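The numbering of the sequence shown is numbering that gives the first Met the number 0, which starts it at 0 and goes up by one.
Here a beta-carbon is modelled for each residue, glycine too, at the ideal position from N, C-alpha and C.
Predicted model only: the values in this text are computed from it and were never measured.
What follows is a single structure, written as structure tokens, with notes after it.
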Amino acid sequence: MTTTTSAPTTPAIDPVTAVHLTAGGVSLLLDLTDGRLPSVVHWGAALGAVTGQEARALTDAAVPPVVANEVDVPVRLALLPEHHTGWVGRPGLSGSRQGRDWSPLFTVVDVALDAVDGSARDGGLATVGAGTLTVDARDEVAALSLRIEVELGGSGLLRLRATVTNDADEPYDLGELSLALPVPARAHEILDLAGRWGLERTPQRRPLVVGQHLREGRKGRTGSDAATVLSVGVPGFGFARGEVWGLHVGFSGDHRSWAERTSAGLQVVGGGELLLPGEVRLARDEAYQGPWLYASYGDGLDEQAQRFHRWLRARPQHPRSPRPVTINVWEAVYFDHDLDRLKDLADRAAALGVERYVLDDGWFQGRRDDTAGLGDWVVDADVWPDGLGPIVDHVTGLGMEFGLWFEPEMVNEDSDLARAHPEWILQTGGRLPVRSRNQQVLDLGRPEAYEHVLGQMTAVLEAYDIAYVKWDHNRDLVDAGTVGGVPGVHRQTLATYRLMDELKRRFPGLEIESCSSGGARVDLGVLERTDRVWVSDCIDPLDRQQMMRWTEQLLPPELLGAHVASGRNHTTGRMHDLAFRAGTAVFGHLGIEWDLRLATDDESDQLRQWIELHRRHRELLHSGDVVRVDEHDPSMLVHGVVAEDRSEALFALATVGRSEIAPLGRFTLRGLDPERRYVVEPVAIGGVADEGRPHWYGGTFSGRALMVAGLQTPATRPEQVVLLEVRGA
Ligand code: DGJ
């Protein structure tokens, strides 16, 4: 066994038998004795300084006794759970070579540590702050090599990934390569997300009982019903407190995550890609690399979310420029592309302070409705006889950026592309898949199909001054076979990533939005190469309050597309005041999706004020800590963003229902500096704050008083939001 570290250290005599990664209030203590795969001794709150002797004692303390009718040696659960140990839960690797080599026993051959901020050795224990541990292992008999990478970020977020290589001449059919992390026995309540089109990321809770809570995504995309973060916590955990351990699979294709409790008293959260039959067959020396899994511990859901947010914000590619206030024309014009009308919309938007204009679906050849055109990424000569130049120039002339919609992975049978290359449609052979939104999926794993889309997109992006692509994906993958009919979801997902990466390489500075029938592609795989997500096609603020709240379990507000739509919502038909619509949207990456010709002068004036308010606060909103208050009454959601230095905050009191009591009692805030004094002032736009006005409005209070004693809740009507500006006095 060799040990390498990036920083020169005193040569280590003892081999590494334990690794303590600790950063951002989190510790991961791994046991690596006897050349076995890393096994988690502790993942959770930071342990503080640990000596080599203490690490050994803790490792011993975690060993379960042998009980009747279990295997004679205590089951040692590794990051890749191995069946040969007697573990009878879900194994990390499943696969075979014609029925053989299906239960591997890996022995570690190399351990490497790459420490970001220093490392120390005490006997066999290596202690590292933020950094990466890479473990290489082999099974000589099964002729398989395995690499496990474990990375702890500065915020305390863990990333893990496994790679398996076939070392034999005979191919290896891989069924699954997943990793799992143990969660302590005191955690036995599951929280994950579900949802559907128009109502993405709805929370669901249930007890963790013996068996598996298994969430499989078989849609060829992340899915509006994806688990997103699958957490197990101590019963009753909330936003503010209660330990919780959660896992996110950073992948946009088929995937699974689960929580499992065995009758032998072990419990894990695990995840990986879901491979279809025959999808990954490894030839000699060929490797399969699983997606990154992200694991976040928190005392409360806010702390768990914060670890994701801070990690994302520390990435070099994270959008750092002020998020431009956007207008998207979809709900204003749909497929009706009329230059004068679109220019008029641009004029009105620019006058309100909008900074980016996005031309949605309908600009390309044959796309008069949703039955035709996908795959032909050339400007429609009938609708745009002079090309897109007139609208692009008009928009950029007004000082706004121009953005354009694409759906690169899709094809309509009614398109030149499908007529020329029907075989480029993903299919199992002999029949076409069932249509969805009248469309099929293009096999981007085929080099010719990939080049076609890349070429046409490049030509459009070169021809015009385009700063932003809204990248849509409007159907599940069904019967998604590639050449010869073999499943192609894995290949398709990687080809999409490649296409995004290549376009970003060709057009430095280009931003991409991940949209998929609204919010069906929200994951950290796509977010490695995109700059925001479209949360949902449903812009109804009542639903958006919930969707934003739960999407924030993974993503910070600056990555959430949040628009102000028309008074009567196009998805739900509900009517809402502008103040509720705008007061909900200002917390994300703000935009408008409304035919502004229909806005009254008063509404336009208020909208301008909301945009001003957002621009005034966006640095805070897009860099601060998200705080969600555990409700004092289900009819009201209290949430906000507090500056990292606690100097200021913006909070919202959103009335989402009606209570059996009125007025509600006092609400409390969270995340403030208890020793500091704050001026708390309601936002006056739209007159909501004047309703049911309590006596304290406009007062100065200590952070402690705001968090402990609280303030009387205003008696607003349902479906309204009162925003509170909180400034250090
Ligand atoms: C679905 C998206 O979510 C919408 O915003 C819009 O872009 C349509 N597709 C266009 O077809």
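When the options are compared against residue i, the one with the closest alpha-carbon
i, options, result
"Met574", "His694, Glu718 and Asp168", "Glu718"
"Thr201", "Arg220, Asp224, Thr325 and His187", "Asp224"
"Trp404", "Ile511, Trp423 and Ala345", "Ile511"
"Pro80", "His41, Ser26, Ser622 and Leu180", "Leu180"
"Gly686", "Asp33, Phe579, Glu724 and Leu281", "Phe579"
"Val70", "Asp59, Thr84 and Thr495", "Thr84"
"Asp337", "Ser320, Ile326, Arg347 and Gly361", "Gly361"
"Leu311", "Ser622, Gly34 and Ser658", "Ser622"
"Asp739", "Arg96, Pro206 and Gln316", "Lying outside 0 to 728, the shown extent of the chain, residue 739 is not represented and no answer is given."
"His616", "Arg35, Glu557 and Thr699", "Glu557"
"Thr325", "Gly98, Tyr467, Asp59 and Leu112", "Tyr467"
"Pro90", "Arg96, Arg99, Leu76 and Gly98", "Leu76"
"Pro318", "Thr162, Val482 and Glu527", "Glu527"
"Leu265", "Gly508, Trp329, Arg676 and Val209", "Val209"
"His212", "Val233, Leu553, His187 and Trp423", "His187"
"Phe506", "Glu461, Ala479, Lys469 and Ala345", "Glu461"
"Trp329", "Thr699, His562 and Leu606", "His562"
"Arg436", "Arg430, Val410, Gly709 and Val228", "Val410"
Burial state of residue i, where buried means 16 or more other Cβ atoms lie within 10 Å
i, result
"Asp729", "The structure shown has nothing for residue 729, since the chain only spans 0 to 728."
"Gln544", "buried"
"Gly249", "buried"
"Glu450", "exposed"
"Pro540", "buried"
"Ser5", "Because the pLDDT of Ser5 is 42, which lies under 50, any placement of that residue in the model is unreliable, and the question is left without a value."
"Gln455", "buried"
"Asp392", "exposed"
"His489", "buried"
"His588", "buried"
"Gly508", "exposed"
"Ala184", "exposed"
"Ala812", "For the chain, the structure presents residues 0 to 728; residue 812 sits outside this window and is missing."
"Gly88", "buried"
Same chain, Cβ closer than 7 Å to residue i, neighbours up to 5 away in sequence not counted
i, result
"Ala349", "Leu397, Gly398 and Met399"
"Val585", "Trp609, Leu612 and His613"
"Arg283", "Asn165, Ala167 and Asp168"
"Gly123", "Asp13, Pro14, Val15, Thr16, Ala17 and Gly51"
"His308", "Pro555 and Val625"
"Leu156", "Tyr293, Ser295, Arg306, Phe307 and Trp310"
"Thr1", "Note on Thr1: pLDDT 33, under 50, position unreliable in the model; the coordinate value appears next. Contacts found: Asp109."
"His82", "Pro90 and Ser102"
"Val433", "Val477"
"Ala141", "Asp100 and Pro103"
"Glu724", "Leu649, Glu680 and Val682"
beta-carbon residue i near ligand 1 non-hydrogen atom, thresh 6 Å
i, result
"Cys537", "no"
"Asp471", "yes"
"Val593", "Correcting the residue identity first, residue 593 is Trp in this sequence and not Val. Every heavy atom of ligand 1 is 6 Å or more from the Cβ of Trp593, so no."
"Gly517", "yes"
"Trp549", "no"
"Asp359", "yes"
"Trp329", "yes"
Close Cβ partners of residue i (< 8 Å) along its chain, the five nearest in sequence each way excluded
i, result
"Ala67", "none"
"Leu619", "Val640, Ala642, Glu647, Ala648 and Leu649"
"Val485", "Gly277 and Glu278"
Same chain, Cβ closer than 6 Å to residue i, five either side skipped, listed in chain order
i, result
"Leu159", "Val149, Leu178 and Leu292"
"Val18", "Leu29, Ala125 and Leu132"
"Ala714", "Pro662 and Gly691"
"Ala688", "Pro681 and Val721"
"His254", "Gly216, Val248, Glu272 and Leu273"
"Gly269", "Ser177, Ala179 and Trp257"
CB contact check: residue i to chain D, cutoff 7 Å
i, result
"Arg240", "As a matter of chain content, chain D is missing from the structure shown, which is built from one protein chain."
- Item | Runs of beta strand (DSSP E) lying entirely within the segment 47 to 98, each at least 3 residues, in chain order | DSSP runs (the beta strand (DSSP E)) wholly in the segment 47 to 98: 92 to 95.
- Message: Quick check for students: name the residue ranges of the beta strand (DSSP E) that lie wholly in the segment 318 to 371, counting only runs of 3 or more.
- Response: Runs found: 325 to 327 and 355 to 358.
- Fully enclosed by the segment 382 to 410, which beta strand (DSSP E) runs are 3 residues long or longer? Within the segment 382 to 410, the complete beta strand (DSSP E) runs of at least 3 residues are 400 to 405.
- Task: Ignoring anything shorter than 3 residues or poking outside the segment 544 to 582, list the beta strand (DSSP E) runs there in chain order.
- Result: Annotation note: the segment 544 to 582 contains the following uninterrupted beta strand (DSSP E) runs of length 3 or greater, listed N- to C-terminal: 559 to 564.
- Message: Restricting to runs no shorter than 4 residues, where is the alpha helix (DSSP H) found entirely within the segment 680 to 723?
- Response: At a cut-off of 4 residues, the continuous stretches assigned as alpha helix (DSSP H) that sit fully inside the segment 680 to 723 are 702 to 707.
- Query: Considering only residues of the segment 603 to 676, which uninterrupted beta strand (DSSP E) runs meet the minimum length of 3 residues and lie entirely inside it, listed in chain order?
  - Reply: Look at the segment 603 to 676 and you find these whole runs of beta strand (DSSP E), each 3 residues long or longer: 624 to 628, 635 to 641 and 647 to 654.
- Task: Note down, one range per segment and in chain order, each beta strand (DSSP E) of at least 3 residues found wholly within the segment 220 to 283.
- Result: As far as the segment 220 to 283 is concerned, its whole beta strand (DSSP E) runs of at least 3 residues are 229 to 232, 242 to 248, 254 to 260, 266 to 272 and 279 to 281.
- Please go through the segment 144 to 227 and give each complete beta strand (DSSP E) segment of 3 or more residues, from N-terminal end onward. Qualifying beta strand (DSSP E) stretches, in chain order: 157 to 165, 171 to 181, 188 to 195, 198 to 206 and 210 to 216.
- Query: At which residue ranges does the segment 433 to 469 contain complete alpha helix (DSSP H) runs of 4 or more residues, listed in the order of the chain?
  - Reply: If we require 4 residues or more, the alpha helix (DSSP H) runs fully inside the segment 433 to 469 come out as 446 to 462.
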